[in-house]
Every structure is written in structure tokens, then in C-alpha cells.
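Residue numbers (full-length UniProt numbering), protein chains in the order written: chain A, 1 to 350; chain B, 1 to 350.
All C-beta atoms, glycine included, are put in the ideal place defined by N, C-alpha and C.
Now the structure itself:
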């Protein structure tokens, strides 16, 4: 079969604003009974069904949060949704709806937006959330995506950042540092490609950390696992900016300090070996790397037996009096190293 | 007193992401009992208090929706909120919360963001809505604002676009065309200024239309007026893109056609005289200009007596069978002119 090597791309202006939104969203179906009406009116209508509404928003900007030189558009759409659902999961709530706003320059054809929306659709399907609104506009340059995520939850299930008590255990889901090291590999291979477009990128063997960077998942599963174990966290946050700054947020809101044990921080063997290959300290990647989207929470010490053998959870520290501050307890020596907020920050890491 | 003519401006990086959001939002207070927690956790918690949740989002991009050469930042913040509240008002619902996302290039100092937030704060106070979340990030160029507005409303009050019936009356609040002509004056004077920075802009006498463009208001008052008059619209939309395209939206969703009477379209005398000064057809400005943020709705003909003498409302047409199409009935001649969707479109009007 003959293939058109240069398929005709469609300029966004061929659709206009309303036609474009309709075109991009017409194949979305709904999973939640709480979604009464969605795209097509001035606003969407959601039936809270007796629950509290939990709502969060995050913006992703080209050249700051992603580089289209190595991030496929479909992955970008998927990840933009995940980042927002992670915030809802961090309230121990169930995400139900999202709204998507895009500002795109005219250098993007309609086909590029279709790719982004195919990733959004995949995430909606995987997490059973409904796309209920959005706005798409042109911009003078670049791509900016802003997503608002809505969750509905019974009041008694919701967990905030401010409930940790002295002696509570600090617990983490999954492992850390992978997303940051995946990014380092992508940037290294992209630099090689820019220097010599004939070089093949060396991505073999880095699958796990590349997936952690390009296709992260929100831990919406944790809420149900904790419910089955009959554990309600006393405070919770998601690890979007690095473990260190998240611990400081819990400390700030709960008015306790924390001790974090270096030897307890869970890391995948590929994360550790890649850090060593790149001459990076693996623990620093976990503390400051960010984008792992795991959940960090505290539980009463009385609940320790319920979670101690569960493969999803690692106890990595405990809460102390606020006056005792927030410190990493070094492996072996037991030396106390002050935690600081060198998490990933969009204004500094450019 | 000596004044520093070149005050030191603060780069955004001096705060970092979390410090910046905290700095910009710490003086916001809450007006609504439904706002349980706001900025400071992974997500805000809203108590729907037995009502349905109405939610909408809009994005404004520099160089597309506004030109910082003549739009003061405080007005931009105010207008960005108003545009979103107008969508909630168009559902006949009461806006209660907003979330604000900003992507800004490093050319903006913290003081510029403070100006935008002072406009956002003013709008929140005026409309009694609470800022409950947001995200602020850097961008590679320009300023993009994305706002999500949330309203809570009893189900029986909510009005969608799809309920208009044949013979229903088409009703408009306020007057049209002013915002578009205000923009023409701003652009004319800005061009003069760019050509000769010593020329004083000639803005005197254009107050009403400049205010319509720079500081529009959302018609959140209409819901209460209609309630007092015991009128529930059968369909409703806000006039953000021009009367013509809004009528087509109601037609599309309600499966009726419309007759719009040219002589009934309400316009301010300054709007008409400015259109004539600029050699523009005033009616075209009303049909296609956009940004007036008035409400367009349909009512049962049985309700005509209830609204006919109210100064806020003008009956401008009526609904017919879908097969009869959507037409403007020309003044005097009665000629039928097809309505088309040449409203303001971010992808075409650049």
C-alpha cells in the first residue's frame, strides 16, 4: 500500500473554537452517575450525591514542565490528567470529573491536539473520570495545559495535610527517584540527538524509569487498599516535588517535625544504578527529584501491624515535636541532616 | 517626599512556586459557608450543601484575548474572573468558588502578579466568590490565565441551553456592542501611541464603552430579578462571542429556529455614535462583537407580562420551528438575513 510520507495536516483555524472543542471531545463517554451534563453548555452540572466536592488545578507549560522534543503528545495528555488526579488521591478522595484548558500556538495542527486528547481519553478511561468541560484557545507561542480535577467523597474519608500527631508513622507508597532519573536519560539522549541526528538514542534497559517519567500513574488505588486494611491516614500528600519538600508541607500544616530514615527510602534497583551511572546521589534524587506521584501519609502507631507486611507501603520515618525539626537520619552514622525544600520548582529549575 | 522613580522590582524566582502562591493568596478571605478548606492542601474541599455543582473553565491568552499595551493588569485579573462567573450566571446558578491558574514568563515581576491578584480579589469580593485553589508556573513567553468557576444551585433553578420551545420569546439583558467598540477605541489610541509616544490618547467621552471592554460585569444579579418576577427561563446562554453565534447555540441545543428583530436590539447611544465614527455598522457590532457578557434567554410567552416593563430586559425575537432557520428581520423592509456564527473566535480574529 502506498503511504503518504507527508500527510496533509489541518490548521486549527479550519475548525474554529467551538467546532474544535466539539471535534476533540465528541467521542468521550461518561462513567460516573454524578456527571449530569458536560461539554456543550455554559457549564457542566455535577450531582454531588451527598458527598463533599474536592477540587484541584494544575498547569503544565511547554519548555518548563515538558519538552516536546522527547515527550510524545499522547503521553503529555495522559500525564497532565494523572498529575491532577494525584492531587485528588492525596485527599483520599475518588476523582470523578476533569476540565481541560489548552492554549496552543498556530504551529500545532489539529492532528497534534487529537494526539493530546487521545492521551486524555486514555487517562479518563483508565481512572474512570469524565471530561466535563474545557476551553481551547490560540496562544502567541508554545503550549500551556491547565486541568482542573474534581472528586467526590464522603466527609469521613477525606484526609488533609494537617492531622499528623507526634509519634505517628510516616508511610510511603511505591518507590522514589525513578521519574527524575528517567528525565535525565531522556535529556541526555535528546542532547546526543541534537548534536548528531543520525545517532540512535540508547534507551534500552531504562524501561522502568522512562515509564515513571513519561507515563506516571496516580495512586487512586491506595484509598481502597487502606479501606480494606481499616487504616485511615492522619495526614496525606502526593509526592510531586520531591520527598523532602512534601515532608516539610506535612510538618508545616500538622505542626509536627519528622525524622526520615535514609536506609528506609524505597528505590528501585534501576533507579539506583542509573543514578550511579550519571554520578548522582540516589537519595538526593528521591529527596528532590519529584514527579513520582506516590502518596506520603502518616498513620497512628497503633495501625502499624495492619500495614507492616503490605508490599505497597514502606514506613520511612515518624513524627516528633515541631521544635525538634525535620531531619534525615543518615544511614549507618545516624547523623541528622536538615531537610530543605529543594523540590522541583517551576521557577528555579529552568 | 522623595519618590523612587525606578522602584526595585522583585523577580518571581525570589519566592519560588509555593511561597509565591502563599504570598499572592494570603489576604483572601471567604464569603461562602460551602468553602470548607481552600489554598494550602492538595485540593480544596467544598460542601455542596444539598445543591448541584455547576462548573466551567475559560482561558485567556496574552496577544489573543488581551494586549498588555493597553489593558491594566488589575483590570485583566478582574475581567478573567468575570468571564468565568458569567458562564455560571448563564446556568441561572450562583457562583461560589474559583480556581486560578497562571503561566507567566520571567519578564513579569512579582509586582505584576500582585496587580493581577488585586483585580482577582476585587472581583471575588464584589461577587462574593472564594478563591479556593490554583497553580502558578513560569512559561517560556507571555501570560496565560486559566480560571475555573464553581457554582452551587438547587436543581430546580438551573437553566440549560436546551429548553427553548417554539413561540418562546427571546430576551436580552442590558445592551450590546459596547465592549467591541471600546476595544476599537483602545486599539486606535494604542496605534497612535506606538506611532508617536508623545501623543496623548483621546479617551474622553468614551467612558461607557471603555468600561464595557475593560471592566465588564457578570449578570449574577439576573437570577434574583427573575426569581422576584416569578419567571424561569426555558433556556439561557451568556453573550461572550456576539449575539448571532449565541442564538445559533440556543437553536442547536433547543432544536428550534429564531427570528431576531433588528430594531429591537438594545444599544447604547455612545455605542451607536462610536460605530458611526469608525464607519462600522452598529448592528454588526452587536451581532458579532462579543464580550458584552449580557444574558440571552427564552421565556414562555405566558410570562411576557411579568417582564415587559422591566428596565433590565428587552424582548428581541422569538422561537420558530427548527426548519424555519435562524434569521435577522431587517428594520423597515422586514427582509430576512441569515444569522451566521461570525462571533469572536480566538483562532480566527488574530
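Looking only at C-alpha atoms, which of the options sits nearest to residue i?
i              : options                        : result
residue 121(B) : 137(B), 95(B), 28(B), 108(B)   : 28(B)
residue 9(B)   : 284(B), 109(B), 264(B), 191(B) : 109(B)
residue 89(A)  : 290(A), 226(A), 247(A), 113(A) : 226(A)
residue 232(B) : 319(B), 103(B), 307(B)         : 307(B)
residue 193(A) : 20(A), 70(A), 51(A)            : 70(A)
residue 142(B) : 275(A), 63(A), 283(A), 256(A)  : 63(A)
residue 61(B)  : 105(B), 145(B), 259(B)         : 145(B)
residue 150(B) : 15(B), 204(B), 128(B), 66(B)   : 128(B)
residue 96(A)  : 203(A), 107(A), 82(A), 284(A)  : 82(A)
residue 206(B) : 132(B), 312(B), 221(B), 189(B) : 189(B)
residue 148(B) : 173(A), 286(A), 59(A), 211(A)  : 59(A)
residue 136(A) : 12(A), 43(A), 130(A)           : 12(A)
residue 22(B)  : 249(A), 283(A), 317(A), 267(A) : 249(A)
residue 38(A)  : 180(B), 54(B), 289(B)          : 54(B)
residue 360(A) : 133(A), 161(A), 276(A)         : This structure cannot speak to residue 360(A), because chain A is shown only from 1 to 350.
residue 134(A) : 277(A), 86(A), 41(A)           : 41(A)
residue 32(A)  : 236(A), 130(A), 261(A)         : 130(A)
residue 166(B) : 235(B), 340(B), 267(B)         : 235(B)
residue 274(B) : 152(B), 298(B), 204(B)         : 204(B)
residue 117(B) : 211(B), 297(B), 228(B), 24(B)  : 24(B)
residue 224(A) : 91(A), 79(A), 26(A)            : 91(A)
residue 297(A) : 56(A), 325(A), 319(A)          : 319(A)
residue 325(B) : 336(B), 169(B), 316(B)         : 336(B)
Give the straight-line distance between the Cα atoms of residue i and residue j, rounded to the nearest whole angstrom.
i              : j              : result
residue 176(B) : residue 208(B) : 12 Å
residue 295(A) : residue 100(B) : 25 Å
residue 74(B)  : residue 119(B) : 4 Å
residue 216(B) : residue 51(A)  : 35 Å
residue 240(A) : residue 280(B) : 53 Å
residue 350(A) : residue 291(A) : Confidence at residue 350(A) is low in this model, with a pLDDT of 34, below 50, so its placement is unreliable and the value that follows should be read with caution. If I take the Cα positions, the gap works out to 16 Å.
residue 434(B) : residue 93(B)  : This structure cannot speak to residue 434(B), because chain B is shown only from 1 to 350.
residue 271(A) : residue 178(A) : 5 Å
residue 139(B) : residue 103(B) : 5 Å
residue 322(B) : residue 106(B) : 52 Å
residue 246(A) : residue 258(B) : 56 Å
residue 84(A)  : residue 76(A)  : 13 Å
residue 199(A) : residue 185(A) : 15 Å
residue 331(A) : residue 159(A) : 31 Å
residue 19(A)  : residue 327(B) : 21 Å
residue 15(A)  : residue 112(A) : 14 Å
residue 286(B) : residue 238(A) : 49 Å
residue 174(A) : residue 222(A) : 10 Å
residue 230(A) : residue 171(B) : 57 Å
residue 123(A) : residue 182(B) : 43 Å
residue 346(B) : residue 67(B)  : Residue confidence for residue 346(B) is low, a pLDDT of 48 falling below 50, so the modelled location carries little weight; the figure read from the coordinates is stated next. In a straight line, the C-alpha of residue 346(B) is about 14 Å away from that of residue 67(B).
residue 87(B)  : residue 43(A)  : 6 Å
residue 344(A) : residue 180(A) : Any reading at residue 344(A) must be qualified, since the residue scores a pLDDT of 49, below 50, and its modelled position is unreliable; no value is offered.
residue 157(A) : residue 302(A) : 19 Å
residue 266(A) : residue 152(A) : 31 Å
residue 132(B) : residue 288(A) : 27 Å
residue 304(B) : residue 253(B) : 23 Å
residue 49(B)  : residue 34(B)  : 7 Å
Could you pull the DSSP bridge partners for residue i from this structure?
i              : result
residue 101(A) : 135(A), 146(A)
residue 31(A)  : Paired residue(s): none; residue 31(A) is not in a bridge.
residue 11(A)  : 109(A)
residue 235(B) : 298(B)
residue 56(A)  : 149(A)
residue 352(A) : Coverage of chain A is limited to positions 1 through 350, which leaves residue 352(A) absent and any answer about it impossible.
residue 94(A)  : 152(A)
residue 62(B)  : 66(B)
residue 25(B)  : Answer by DSSP bridge pairing: none, since residue 25(B) is not bridged.
residue 327(A) : 259(A), 338(A)
residue 41(A)  : 39(A)
residue 46(B)  : 53(A), 35(B)
Check whether the Cβ of residue i lies closer than 7 Å to any heavy atom of the ligand SAH, and answer yes or no.
i             : result
residue 72(A) : Summarising the ligand content, the structure contains no ligands, and the ligand SAH is consequently not present.
> Mind pulling the beta strand (DSSP E) runs of 3 or more residues that sit fully within the segment 265–305 of chain A?
Replying inline: DSSP runs (the beta strand (DSSP E)) wholly in the segment 265–305 of chain A: 295–299.
>> So if I threshold CB-CB distances at 7 Å, which residues from the segment 86–101 of chain B count as touching chain A?
In response: For the segment 86–101 of chain B, which is checked against every Cβ of chain A, the residues closer than 7 Å are 87, 88, 90, 91, 99, 101.
> Got a sec: which bits of the segment 43–61 of chain B sit with their beta carbon under 7 Å from any beta carbon on chain A, in order along the chain?
Replying inline: 43, 44, 45, 46, 47, 48, 52, 53, 54, 55, 56, 57, 58, 59, 61
> Residue ranges of each beta strand (DSSP E) run of no fewer than 3 residues wholly in the segment 144–203 of chain B, ordered along the chain?
Replying inline: 169–173
> Can you list, in chain order, the stretches of the alpha helix (DSSP H) that have 4 or more residues and sit fully within the segment 211–235 of chain B?
Replying inline: 222–228
> Taking a cut of 9 Å between CB atoms, which residues from the segment 287–318 of chain B lie near chain A?
Replying inline: none
>> Counting only Cβ-Cβ distances shorter than 9 Å, please list the residues of the segment 107–135 of chain B near chain A, keeping chain order.
In response: 132, 133, 134, 135
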